[in-house]
Each structure stands twice: as C-alpha cells, then as structure tokens.
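As they're listed, the protein sequences go chains A and B. Terminal number for the first sequence in full-length UniProt numbering: 235, no gaps in between. Terminal number for the second sequence in full-length UniProt numbering: 493, no gaps in between. Where a beta carbon is used, it is the ideal one built from N, C-alpha and C, also for glycine. Beneath this line is the structure, given in structure tokens, with notes to follow.
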Amino acid sequence: MIVTSNLSKSYGSKSVLNIADLNIPKGQSFGLVGNNGAGKTTYFSLLLDLIQPTTGYIKNNNIKVNESEDWKPFTSAFIDESFLIGYLTPEEYFYFIGELRGQNKADVDALVAQFEDFFHGEILNQKKYLRDLSKGNQKKAGIVAALIGNPEVIILDEPFANLDPTTQIRLKAIVKNLAEKQGITVLISSHDLLHVTDVCERIVVLEKGEVVKDLVTSEATLKELEAHFSGSETV
Amino acid sequence: MKLKHFLNLEWKQYFRSSYWQKSMALNILLVFFALYFVVMFLIVGVAIYPILKDQFPDQDPLFIVNSYIFYWIIVDVLMRFFFQKLPVMSVKPLLTLPVKRSKVVNYVLGKSAFSFFNFLPMFAIIPFGIMLLINDYPTVSVLVWVLTILCITLIINFLNFILESFSAETELSFLPVIAISGGLFALNYFNIISFTDLVAQAVNGVYNNPVLLLVPILILIALYVVNFKMLRKKLFLDSSLKSNVKEVNSSNLEWTRKFGDSAPFMQLDLRLIWRNKRPRSSVFILIIGLLYGLFFYPNPTYSEMPWIFGFVGIFVTGIFLINFGQFVPAWDSGYYKMLMSQNIQYKQYLKSKFNLMAFSVVVMLVLSIPYVYFGWNILLAHVAAAIYNIGVNTHVILLGGSFNRKKIDLNQRAAFNYQGTGAVQWLIGLPLMLLPLVIFGVSYWLTNFEIACLILALIGVVGIVFHQKLMKLIVDKYLASKYKMIDAFSQDS
Numbered sequence: 001m002i003v004t005s006n007l008s009k010s011y012g013s014k015s016v017l018n019i020a021d022l023n024i025p026k027g028q029s030f031g032l033v034g035n036n037g038a039g040k041t042t043y044f045s046l047l048l049d050l051i052q053p054t055t056g057y058i059k060n061n062n063i064k065v066n067e068s069e070d071w072k073p074f075t076s077a078f079i080d081e082s083f084l085i086g087y088l089t090p091e092e093y094f095y096f097i098g099e100l101r102g103q104n105k106a107d108v109d110a111l112v113a114q115f116e117d118f119f120h121g122e123i124l125n126q127k128k129y130l131r132d133l134s135k136g137n138q139k140k141a142g143i144v145a146a147l148i149g150n151p152e153v154i155i156l157d158e159p160f161a162n163l164d165p166t167t168q169i170r171l172k173a174i175v176k177n178l179a180e181k182q183g184i185t186v187l188i189s190s191h192d193l194l195h196v197t198d199v200c201e202r203i204v205v206l207e208k209g210e211v212v213k214d215l216v217t218s219e220a221t222l223k224e225l226e227a228h229f230s231g232s233e234t235v
Numbered sequence: 001m002k003l004k005h006f007l008n009l010e011w012k013q014y015f016r017s018s019y020w021q022k023s024m025a026l027n028i029l030l031v032f033f034a035l036y037f038v039v040m041f042l043i044v045g046v047a048i049y050p051i052l053k054d055q056f057p058d059q060d061p062l063f064i065v066n067s068y069i070f071y072w073i074i075v076d077v078l079m080r081f082f083f084q085k086l087p088v089m090s091v092k093p094l095l096t097l098p099v100k101r102s103k104v105v106n107y108v109l110g111k112s113a114f115s116f117f118n119f120l121p122m123f124a125i126i127p128f129g130i131m132l133l134i135n136d137y138p139t140v141s142v143l144v145w146v147l148t149i150l151c152i153t154l155i156i157n158f159l160n161f162i163l164e165s166f167s168a169e170t171e172l173s174f175l176p177v178i179a180i181s182g183g184l185f186a187l188n189y190f191n192i193i194s195f196t197d198l199v200a201q202a203v204n205g206v207y208n209n210p211v212l213l214l215v216p217i218l219i220l221i222a223l224y225v226v227n228f229k230m231l232r233k234k235l236f237l238d239s240s241l242k243s244n245v246k247e248v249n250s251s252n253l254e255w256t257r258k259f260g261d262s263a264p265f266m267q268l269d270l271r272l273i274w275r276n277k278r279p280r281s282s283v284f285i286l287i288i289g290l291l292y293g294l295f296f297y298p299n300p301t302y303s304e305m306p307w308i309f310g311f312v313g314i315f316v317t318g319i320f321l322i323n324f325g326q327f328v329p330a331w332d333s334g335y336y337k338m339l340m341s342q343n344i345q346y347k348q349y350l351k352s353k354f355n356l357m358a359f360s361v362v363v364m365l366v367l368s369i370p371y372v373y374f375g376w377n378i379l380l381a382h383v384a385a386a387i388y389n390i391g392v393n394t395h396v397i398l399l400g401g402s403f404n405r406k407k408i409d410l411n412q413r414a415a416f417n418y419q420g421t422g423a424v425q426w427l428i429g430l431p432l433m434l435l436p437l438v439i440f441g442v443s444y445w446l447t448n449f450e451i452a453c454l455i456l457a458l459i460g461v462v463g464i465v466f467h468q469k470l471m472k473l474i475v476d477k478y479l480a481s482k483y484k485m486i487d488a489f490s491q492d493s
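Rendered as structure tokens:
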C-alpha cells in the first residue's frame, strides 16, 4: 500500500530522515518507534505531503504523494492539535471533516455513535468548543475524526500520549479492529513500547532518521525493543 | 539580583522572536516614527516659549501652556489606550521558581514607566523648562512644574492599564472610553464644566506652592497600588488556565448549501468570523467603513472634487473585503496543516472566501444607498466601485494572500493588533486602493464623471468574466507556495 523509496529529508546539510526502502502492505498495523528527533513526525509529514522530500518519494496506493493529490480521499491523519479547528464544537468538526470526505450527517452520526464509550461522555453534546476541551479530549476528537469517511490509510502520531489509561486501552481495541477486521492500513508512532507492541503487527525503529530495526511483532519483541532503547541510551 | 535576569529574558525574547527577525522593515519604520516624534517634540519644546511670547505678549506663556494640559491628558489617554499595552512577560515558567510574586509585578509595572509614551512628553517639557529658566523663572518652581508634568504622565500611564484591564474582556471596549473622553471634551467645549480651567488652576497651584506636588504624587502612588493589586491577583496560574467557557449556540447554517461545493467552507468561514475575537472585529469595522463616506460627501471641499468619489466608493463597499481578505489564508493558519492533508481542493476553499467577499461588497453597496442624499452621482460611483471590487479587488487580494507567511492567533484581542501584518499587507494596499483611484481620476480628468464610472465598472466586469481563469491562476500560485505556507504557519511568532 505504501512504498517508500530512497526517501530523504535534510535541512541544509543536516539530514533528518533517510529511508532507502520501506514497504507497508495493505491492512498492516504498522508501528514507528524512536527517540525524540528520530524522524517519526518527519516521515508522517512527508507521507501527508506537508513537507517536501529532498530526494526520493513515497507512493501511497501507487500515487506519488508529492505529485498528485489523489491519495487524499482514502488517507486520513491526526498528527497534533493543529489538525483541530478550535472554534468548532466536536460535532461541527466531525460534520466538517465528513463533508470534506463525502459523508452526510447521518453517516457521520452513525460512525461517531460507535465511539460513545471511547468518548466517555466528554466529547459529544458538551456545547463546548474544541479549544476549550482538555488536551486528552481534544486528542480523542481528533482520532475519531481521522476515522471518518472510510479511509484505507490512517496515520496517527503519538495517539497514546495525553490519554488516560482507560482511553488508551479502548484506543488499542479500536486500532486492532481497524487493521484486523476492516483491512485498513494503520500507521502509528509512539514512545510507549508496550502499547505499540500490543497493537502493531510490525514495528520499525528509527534512529537519527534511519531504519535500524524492522520487526514482526512476537512475544520477544517488547524485550528486544527495551534492550535496544536502554542500550542506545547509555551510549 | 533578579532584575538582571528579568532584563536578560526580555532581551532574548525580543531579539529571538521570529517576529523581530522577519519584519525588519516594520521595525525600521517604527524607529523612524519614533525619531520623527522625538524631533517634533523637541522643536515644540524649544519654540513654544518664543512663539507664545510673540503672539500673546501680555500673557504668561507658562499659564497658556497649562491651560492646554487638559487636552493633552485626553489625547494622551486615548492614544495610549489604543497603542500602549502593558508590557507582557511570560510568567508561567516563573511561578514555580523561587521568585516573589510581588517582585514580578513590580518589575512589570516598573518597566512600563520606561515606555516611549512617558519619555516622549519629556522631550518637549524639559526644553520648555530650560527656556523658562533662561527667561528668569524661579528655579524651584520650574523644577516643580516639570515634576508635576512627569507625575501626570505617569498617572496617565497607570490609569491606562486600569482602563485596559477593565476593557480587555469585551469587544467594543473602546466605545465607552471614547464616549467618556468625548463627553469630558464636550462638557469642556460647551463650557458646562471647564476642565481646562480646573486643570490649569491645579497645575498653577502646584507651581506656586511646591508642597502641593504631594497631591499628584499621592495620586500616582494610589494608582500604582491599584495596578499592583490587580496584577498580583492575575498572577495565579488558575486565572490563566481557567477560561470562562460559554455555552455554545450552534446553528447549522443550512442556507449555505446554495453555494454547492464551497458550502462547508462557507460555514467554516462564517463560524470563524463570528466565534473569534479578531475576525469578528472586522465585522464591526464595517460600521466605521460605512460612515467613512460622511467624512467626504457633506464636505463642500470634496464635493467639488468628484474624482475622489471612486476611491471613497472602493473603500466603503470594500471595507470588509480589505479587512478580511488581507489575512486570507492566515485566518486558517492554526489548522492549515489539517486542511492541506484533507480531501479538499484549493479551488473550493478559495471560492468560499471569494463568495464571502463578493457578498459583503453587495451588502455594503445596499447599505450605502442612503448616500444618494448627497447626490445621484455618488450612488453611481458606488455601484461602479462595487463592480470593480467584485471583479478586480477580490482577485487581487486573494492573489496577495498566496504571499502571506504570517500566522494569526485567532483569540487575541482585535483592535490595533498587528500580528500577521507584514510587508504583503502594506504592499497589497497599493493596487487595491490606489489603482482604482488613478483609473477613476485619470478617466474623469480626460472625459467626464459618467464615463469614469463606466470605465471603472467595465474593468470590474472584465474581471468577473475572467473569474474562472483568474481563480485558476490564483490556485496555482497557492499550490506553488503550499510548503512555505505550512512551514510559516506552524511557527510561533
């Protein structure tokens, strides 16, 4: 589904990302881990064509993202709060996103209704603007908005950060369901090794912009990741 | 020594802000303004004594000056209210550090005393004082007088912050201030209560009896204490964290459906305007724009010069267009990344802005119909100007928007907020306002009023006819600068 080829991004002489080859098949739940500055957000930004690659390209469903916009209808993302429109209520925001993705109000309502327990009664019918919600609740709204409109690729940057434990567990269930049952390609970045090994079939470790590990998740993965990160931190 | 640290922080904040680094031109302009005022005040300070002596040989120049202090106070309060802001300091990081709250407050207030607004009068007052000494006024009295004026300056300084803190909450805060100062001025002007005399007598009193200097000093101290208490109260984290959340009325704006593809964006824009302080103020500016014609039309000087009607028409019918349009797409800067990764086309996005602006021009034209009272030709000029606005200026301003690289924080206060203003906004004004003025003026001069209106309108019609082509051009321009805009909008200024 997603093909990365010779991709690099540098600012001046400083290279921040350099991925020679990375393929993510359809329906895979893909986890990206790495320390701060490893290039996770840079990779997602390139995937969403928010920044320009220095060399190489990413193909999303055979569409080069920096040349055509045709990947947009089947791709959705929640990177950070700047994806929210602060002066809308969550409902208005969902309808707005729905409208952009060709969904009518009933479609959006039906989808959002599935996430009632995820919202924990703190999002819908609160008569509050998104900007007045807490960070965690904003995140919930943003994640659910990314599920609107039957996307085939969903990109979530640090979805677990700022969420309370209950919501983290519910989110894991949601993400698993997306990949396993609905065949959606889900890309997640996280600092939380436990969550990411729970959820993702495959985990790639980035370090200083390069892929240093590419693992199929198994029993041993968490141990391996922990060893890797505790080892690399002492260097 | 905490003061040193504070000053160090300020210095870094100022020079490391991207605002400073990116808008050199604006800074240079401001420095020039400041220098200009300093020089003007110096000249006034030196020259006023001989001039008054020459014009009113039988009066004491000092008393004449004193009798004008009331006007100075009123003007100074107004100027400061609009232009001076309490120096801000990001206190949040300091709250958990071992710094006494009172120290922070004293620092902020103390710093405000060194504002340019307080120095400026001194450039006139001190030379004037020296002139007085040269002309054999008693030294002590002159010193006391200068100190009195300094006290008044500082009193205004601190009074202003009290006014501002009361008005910061609401939108139209400037109205009561204008109303009160206007009222005082009127009371004085119609001699109901002569504040001029009262103030003059007070200042003369201090001049004659130096002990009375205590009065302004006490007032000053009182105001300082009030300010101190108010600020200290605000210095707790919960006051900045707690935002008064109002219940939201949401309406679904179904009528925008008529606009087809761009309907979701129309809804978004309408909510943007209505729910955020700053864009909402561009709606209130409509009133000012609408009344702008009153400045010209009833005035016989201008009714002799019909070539200016075209310009007034552009301004009156285009006030919203100019005010709102100059910050496209910066209005959406907060969530621009999201828009760019969504399944949208620039065309629909820009089309919505275009519709909104064109619609506002029509509304303003209808509202300006009463100007017909001052002559039919005014209505004619307004219609022509409105067509020109829709056909040409909307496109020009959207095109200018593609050069926009400055983020806007929607929640900041509205009036006299220059955030997001850059060279683009200054430059775009030229083709927007001057071009139609020139077109109209030249064709009026070459032919007559009706033909000039016709030409202006025709150019507008050409713009409307080529609307699709022009929009395509503009969309290309936006696409070309997409990455730059995303990058610029995601930076904090």
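Which word fits residue i, buried or exposed, when buried means at least 16 other C-beta atoms lie within 10 angstroms of its C-beta?
| i | result |
| --- | --- |
| residue 136 of chain B | exposed |
| residue 480 of chain B | exposed |
| residue 432 of chain B | buried |
| residue 227 of chain A | exposed |
| residue 384 of chain B | buried |
| residue 141 of chain A | buried |
| residue 11 of chain B | exposed |
| residue 61 of chain B | buried |
| residue 139 of chain B | exposed |
| residue 382 of chain B | buried |
Based on the DSSP secondary-structure assignment, which residues constitute the bridge partners of residue i?
| i | result |
| --- | --- |
| residue 190 of chain A | A:33 |
| residue 11 of chain A | A:14 |
| residue 343 of chain B | Note: residue 343 of chain B sits in no beta bridge, so no partner. |
| residue 185 of chain A | A:153 |
| residue 55 of chain A | A:8 |
| residue 407 of chain B | Residue 407 of chain B is not bridged to any residue. |
| residue 64 of chain A | A:59 |
| residue 78 of chain A | A:156 |
Taking the alpha-carbon positions, what's the residue i to residue j distance?
| i | j | result |
| --- | --- | --- |
| residue 485 of chain B | residue 66 of chain A | 16 Å |
| residue 141 of chain B | residue 322 of chain B | 53 Å |
| residue 34 of chain B | residue 48 of chain A | 46 Å |
| residue 155 of chain B | residue 139 of chain A | 48 Å |
| residue 295 of chain B | residue 407 of chain B | 34 Å |
| residue 207 of chain B | residue 68 of chain B | 15 Å |
| residue 390 of chain B | residue 109 of chain B | 48 Å |
| residue 60 of chain A | residue 452 of chain B | 56 Å |
| residue 342 of chain B | residue 330 of chain B | 18 Å |
| residue 257 of chain B | residue 196 of chain A | 43 Å |
| residue 15 of chain A | residue 217 of chain A | 29 Å |
| residue 214 of chain A | residue 204 of chain A | 4 Å |
| residue 183 of chain B | residue 192 of chain B | 11 Å |
| residue 233 of chain A | residue 40 of chain A | Unreliable positioning characterises residue 233 of chain A in this predicted model, as indicated by a pLDDT of 49, which lies under 50. The coordinate reading is nonetheless provided below. The straight-line gap from Cα to Cα measures roughly 18 Å. |
| residue 354 of chain B | residue 363 of chain B | 14 Å |
| residue 266 of chain B | residue 98 of chain B | 50 Å |
| residue 320 of chain B | residue 85 of chain A | 23 Å |
| residue 64 of chain A | residue 179 of chain A | 23 Å |
| residue 289 of chain B | residue 351 of chain B | 24 Å |
| residue 185 of chain A | residue 490 of chain B | 27 Å |
| residue 269 of chain B | residue 261 of chain B | 14 Å |
Report the CB separation of residue i from residue j in whole angstroms; it is logged as a contact under 8 Å.
| i | j | result |
| --- | --- | --- |
| residue 3 of chain A | residue 23 of chain A | 5 Å |
| residue 456 of chain B | residue 371 of chain B | Not a contact, Cβ separation roughly 17 Å. |
| residue 77 of chain B | residue 181 of chain B | 6 Å |
| residue 474 of chain B | residue 428 of chain B | With 8 Å as the limit, residue 474 of chain B and residue 428 of chain B do not qualify as a contact, their Cβ atoms being about 13 Å apart. |
| residue 68 of chain A | residue 201 of chain A | About 29 Å; that fails the 8 Å criterion. |
| residue 90 of chain A | residue 58 of chain A | Between residue 58 of chain A and residue 90 of chain A the Cβ distance is about 31 Å, and since that is not below 8 Å, they are no contact. |
| residue 402 of chain B | residue 478 of chain B | 5 Å |
| residue 94 of chain A | residue 145 of chain A | 6 Å |
| residue 117 of chain B | residue 157 of chain B | 7 Å |
With a threshold of 6 Å, establish whether the CB of residue i neighbours any heavy atom of the ligand ADP.
| i | result |
| --- | --- |
| residue 174 of chain A | The ligand ADP is not among the ligands present in this structure, which contains no ligands whatsoever. |
Point to revise | 4 or more residues per run - each alpha helix (DSSP H) lying fully within the stretch 150–195 of chain B | key: 174–189
Check your understanding: Where in the stretch 342–407 of chain B do unbroken runs of the alpha helix (DSSP H), each at least 4 residues long, occur, reported from the N-terminal end onward?
Key -> 346–367, 376–388 and 394–401
**Study point:** alpha helix (DSSP H) runs contained entirely in the stretch 80–151 of chain A, provided each spans 4 or more residues
**Key:** 90–100, 105–113, 116–119 and 135–145
Check your understanding: Which ranges does the beta strand (DSSP E) cover as unbroken runs of at least 3 residues, wholly within the stretch 268–309 of chain B, from first to last along the chain?
Key -> none
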